[in-house]
Amino acid sequence: MTDPADRGLLSPAWASPALAGATGDDAIIAAMLELEASWAETLEAAGLVEAGSGAAVRDAVKQGTTAGTYDGARLAEASQGGGNPVIPLVKTLRETTPTPGKAAVHKGLTSQDVLDSALMLTAKRAIAGILADLSPAAEALARLADRYRTTPQVARTLTQHSLPSSFGLKAANWLQGVAHAESRLSSLAFPVQCGGAAGTNASLVALGGEPAALAADWAQRSGLETAVAPWQSFRGPVTDLGHALAAVTTAAGHVANDVMLLARPEFGELGEPLAEGRGGSSAMPQKQNPALSVLIRSAALQAPAQVAQLEIAAALSEDERAGGAWHSEWPALRELLRLAGGAAASLRELVEGLRVFPEAMRRNLELSGPLLVSERLMLELSGVAEGGRAGVQKAVDATLAAAANGAGTSEQACILRKELRAVVRSEAAGEDFDARLDELLDPAGYQGDAAGIVDRILKTYEETAAERRHDPSRRHVRRV
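In my numbering, the protein residues as written are 725 to 1204.
Okay, here's the thing in structure tokens:
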């Protein structure tokens, strides 16, 4: 017997019962059934179907779900006949709904109304779970940024040592990305789709209903938002959702990339949290692989292609309902929900338990020796050196030559001091020039505005997070 279910065996970035369940076929079937029941209740409330229709449809949904009537594999196979799963689902629901509800099933709707709305409802529910991991991850990053606000760490540009910085600033920059992704998710709209067969709602008008009022009531009953108009050919809600989900994987991927690099034994500045059974190798028992970062990075590498699929589908959406382009959105959107959910869960575990080694950061920072502060020397001494910038450059070049010939950092410092004393004018050097050189050559003293940047990022994050906590309704834009 074959097992067609995708539980994430080949996509461990999201392989968990919670994620698979929240985005699986059963979850989407449940969302479609919820929308069909809510629609019958909307029609009944508007007086467009017989009294008792809403309850009859909802009871049929409940009984059918309990009895296993809406089998995912059977519906998937049957959906090939009409090109979408709504058609066989509605057929089954009509067959199992007694009078008076039978006539209310799907009345005035089209398949796209139900499936688009069901995907929005599924996404809304899944994103609540993503935010439940992403928000604590942001809080953990804020704590790291605050705790290591001035902890010296070398900044690396194009993979090379550039200038002294702080680990607090690195964590704060991670926080900016995660907080940005959290904000985008929190402000998403999840609108109901209600356009009828061609986006005109002609059937609702023919029934004597007011389409906008019916759509608003349906949205309220189903837990979605009201749209300004049907969006069956305007795919903004879908592409917005896709980009917000990709922002999660991008922000998490940035953290994971840095952790993977800095956890290398030759760097040793960071370490993933230790957990029983994680990070092992099937062949090398001594290894401790950065498994969380690997999973996050795999999600970050996959997500952009899924977003591109949504944008391509929107761009190639023809007429009032696209043939094929609309269908191609469904798996892309589901995979994005899964990848973002898996990335957020792994990111939370990673940053809440991240091991930080300031001694290794200081050791690596000192590998570049005194030349790491060459920019500072040029800025502060060129005005008092013989030959100006050229004089300071001469001292730096002499030190670089010594380094190239194998001189250690201590020897480099001695050479640089000697060369600078030779070019700095005596009247400018003063009696305490050696003390001044000690200050200039201390990398911890040349972090620029790193601490101030950390403070501003933290302040902004705390204000926006407090605003969301104070007014949860701001999480959703009500109309699109």
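All residues carry an ideal CB built from backbone N, CA and C; glycine is no exception.
In the pairwise beta carbon analysis, the segment 1023-1033 is classified as touching the segment 1054-1072: at least three pairs are separated by under 8 Å.
In terms of Cβ geometry, residue 736 and residue 1171 do not form a close pair [threshold 7 Å]. With a 10 Å radius around the Cβ and a threshold of 16 neighbouring Cβ atoms, residue 856 comes out exposed. Comparing alpha-carbon positions, the option among 958, 797, 997 and 794 lying closest to residue 1043 turns out to be 958.
Residue 1132 sits exposed, since fewer than 16 C-beta atoms from the chains shown fall within 10 Å of its C-beta. A distance below 7 Å separates the beta carbons of residue 796 and residue 749.
With contacts defined by Cβ atoms closer than 7 Å, residue 802 and residue 905 do not form a contacting pair. With contacts defined as CB atoms closer than 7 Å, residue 993 and residue 1085 qualify as a contacting pair. Excluding residues up to 5 positions away in sequence, 846 lie with their Cβ nearer than 6 Å to the Cβ of residue 751 in the same chain. The Cβ atoms of residue 1125 and residue 1136 do not sit closer than 7 Å to each other. Per DSSP, residue 1033 is not a residue of any beta strand (DSSP E); the alpha helix (DSSP H) it occupies stretches across 1015-1039. For residue 879, the secondary structure class from DSSP, reduced to helix, strand or coil, is strand. Taking a contact as a CB-CB distance under 8 Å, the pair residue 1051 and residue 807 counts as one, their CB atoms being some 7 Å apart. A distance below 7 Å between beta-carbons, with the five flanking residues on each side excluded, links residue 829 to the following residues of its chain, in chain order: 760, 764, 781, 814, 817, 818 and 821. Secondary structure within the segment 843-891: the beta strand (DSSP E) runs of 3 or more consecutive residues, fully enclosed, are 876-881 and 884-890 (chain order). The segment 1010-1020 makes no contact with the segment 1095-1110, as fewer than three CB pairs between them are under 8 Å.
Taken in chain order, the unbroken stretches of alpha helix (DSSP H) that lie wholly in the segment 920-949 and span 4 residues or more are 926-930 and 935-946. Here residue 1161 has 1141 as same chain residues with Cβ atoms under 6 Å from its own Cβ, once five neighbours each way along the sequence are excluded. By DSSP's assignment, residue 915 forms a beta bridge with 949. Exclusion of the five residues before and after residue 985 leaves 991 as the residues of its chain whose Cβ lies within less than 8 Å of its Cβ.
In the three-state scheme derived from DSSP, where H, G and I count as helix and E and B as strand, residue 1080 is classed as strand.
Nearest to residue 923 by C-alpha distance, out of 840, 903 and 869, is 840.
When only Cα atoms are considered, residue 743 and residue 864 end up about 22 Å apart. Residue environment analysis places residue 1134 among the exposed positions, since fewer than 16 neighbouring C-beta atoms fall within 10 angstroms of its C-beta. Of 945, 1129, 918 and 963, the smallest CA-CA separation from residue 951 is found for 918.
As the crow flies, the alpha-carbon of residue 1106 is around 10 Å from that of residue 1147. In this chain, the alpha helix (DSSP H) harbouring residue 967 covers 960-986. About 4 Å separates the CB atoms of residue 1037 and residue 1049; that is less than 8 Å, so the two are in contact. Rounded to the nearest whole angstrom, the CA to CA distance from residue 941 to residue 963 is 25 Å. Collapsing the DSSP output to three states places residue 1131 in coil. Between residue 909 and residue 979, the beta carbon gap of about 17 Å keeps them out of contact (Cβ cut-off 8 Å). Annotated three-state conformation of residue 1148 is strand, per DSSP.
CA-to-CA, the gap between residue 1111 and residue 1145 works out to about 13 Å.
Counting along the chain, residue 750 sits inside the alpha helix (DSSP H) bounded by residues 749-769.
In the three-state scheme derived from DSSP, where H, G and I count as helix and E and B as strand, residue 737 is classed as coil. Beta bridge pairing from DSSP links residue 1109 with 1148.
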